[in-house]
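Have a look at the structure below, then the notes.
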Amino acid sequence: MELKTAFPRTRKPRTLEWACAIHGGAGAIPLTTPEETVKRYREALAGILAGGIELLSDGAAAIEVVEALVTAFEDNELFNAGRGAVYTSDARHELDAAIMDGLTGRSGSVAGVRRVRNPVRLARAVLDSHDHMFYAGEGADRFAETRGLDLVENGYFDTAHRYRALCEARGHGTVLLDHDQGYGTVGAVVRDRTGNLAAATSTGGMTNKAPGRVGDTPLIGAGTYAANGLAAVSATGRGEAFMRHMVAYDLCARIRYCGTALEDAAHDIVMNEMKAGDGGIIAVDHAGTIVMPFNSPGMYRAAADSSGDLIVAIWDSPEPTSGTR
Ligand code: ASP
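To convert, count from 1 in the sequence shown and add 32; that's the numbering used here.
In structure tokens form, the structure reads like this:
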């Protein structure tokens, strides 16, 4: 199968100063999606990426940048994270998120969060707590209170388009795996100016999921992973498949133990090991090389690096917006 990696288009001659990639979910995004909708997604991706570019150009640390990027996604109701999160089968929202610092190897994860406006910020608070690594359910919400994070009613996450998706899923009696808007999870991976790597991922999970179901997103090594010298990885798609394959860690392990190049490792995992339709990943390595392979019809994604390359894309073709910044 052809490598669905739209960026970078050519191998970079040297290590880049910084590099950054984001995704807004993979899935069965129809090519017939109305132009106006496509435009909204592309503008949202470009706007969020621009915020990351500014921070990285100013010398911000990778861990700060991935948190800022994912927070911006969570505040945008187009994406299945924060406001705009999908519904559980009992018509509520349970959010999962994780963040990992490649420099220190420290991470923070939260699952089944119901009252925290920005779950990635809570994950960061967990990382910074130097205590526990993973909070779930009511305890996670209570931990957010102690950290002074923005709390909201569960209804804050409600949106009409996600409610329609729930009704459809209930009608079919399924957990919606591949509805029209794709999976919609969001993530960011960054290599900063000092060579540090970081990754963050946030999601509402799957439409009509059972209350209490947790996917790959907050599981370190499955949906999120970062290790300096290896790679930073964020996944999107059928969470159960990413957990089974331990995708994010497997990618780093192949680089570490076999010396496999990032592109080859990512390609093999996504295109050969996983099943078509499972989803995709974004990853960046120590040299600033970015890969964004996916085996679903589409994946909302964008990337930029300090050489001036920039891309915003949804389907297979590179669809460069302007070629360079
Ligand atoms: N991976 C997420 C989950 O299974 C879903 C997604 O990527 O949209 O919870």
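Built from N, CA and C at the ideal position, the CB exists for glycine as well.
Under 8 Å from any heavy atom of ligand 1, does the C-beta of residue i make it?
i	result
Glu272	yes
Ala259	no
Gly311	yes
Ala58	yes
Ala336	no
Asn327	no
Gly191	It should be pointed out that residue 191 corresponds to Thr in this sequence rather than to Gly. No, since every heavy atom of ligand 1 falls outside the 8 Å radius drawn around the Cβ of Thr191.
Met132	no
Gly269	yes
Thr120	no
Asp282	no
Thr235	yes
Asn108	no
Asn112	yes
Thr256	no
Met238	yes
Gly330	no
Gly216	yes
Thr206	no
Gly116	no
Since I believe residue j is in contact with residue i (beta carbons under 8 Å), could you give me their beta-carbon distance rounded to a whole number of angstroms?
i	j	result
Arg223	Val118	The pair is not a contact, with the Cβ atoms about 31 Å apart (cut-off 8 Å).
Ile314	Ala53	4 Å
Ser234	Pro151	5 Å
Pro243	Glu126	7 Å
Ile80	Phe105	6 Å
Tell me the rounded alpha-carbon separation between residue i and residue j.
i	j	result
Ala129	Ala259	18 Å
Lys307	Ala231	24 Å
Arg286	Thr321	16 Å
Glu185	Arg115	11 Å
Glu99	Asn240	27 Å
Leu209	Arg270	In this prediction, Leu209 scores a pLDDT of 49, lower than 50, which makes its location untrustworthy; the coordinate-derived value is nonetheless stated afterwards. Going from the Cα of Leu209 to the Cα of Arg270 covers about 7 Å.
Gly311	Asn327	6 Å
Thr191	Gly216	14 Å
Gly83	Val102	11 Å
Asp348	Gly340	22 Å
Ile346	Leu183	32 Å
Thr47	Ala201	46 Å
Gly180	Leu283	36 Å
Gly61	Glu109	Gly is not the amino acid found at residue 61; the sequence shown has Ile there. When rounded, the distance between both Cα atoms is 17 Å.
Gly330	Gly91	32 Å
Asp296	Ala263	13 Å
Ser266	Val218	8 Å
Asp122	Ser89	44 Å
Ser338	Thr178	38 Å
His211	Thr64	Here the model assigns His211 a pLDDT of 46, short of 50, so the residue's position is not dependable and the matter cannot be decided.
Margin query: Does the contact criterion of 3 or more C-beta pairs under 8 Å hold for the stretch 65–80 versus the stretch 148–167?
Written below: In the pairwise beta carbon analysis, the stretch 65–80 is classified as not touching the stretch 148–167: fewer than three pairs are separated by under 8 Å.
Margin query: For the structure I just gave you, are there three or more beta carbon pairs, one from the stretch 323–343 and one from the stretch 271–278, closer than 8 Å?
Written below: Between the stretch 323–343 and the stretch 271–278, the count of Cβ pairs shorter than 8 Å is below three; the stretches do not touch.
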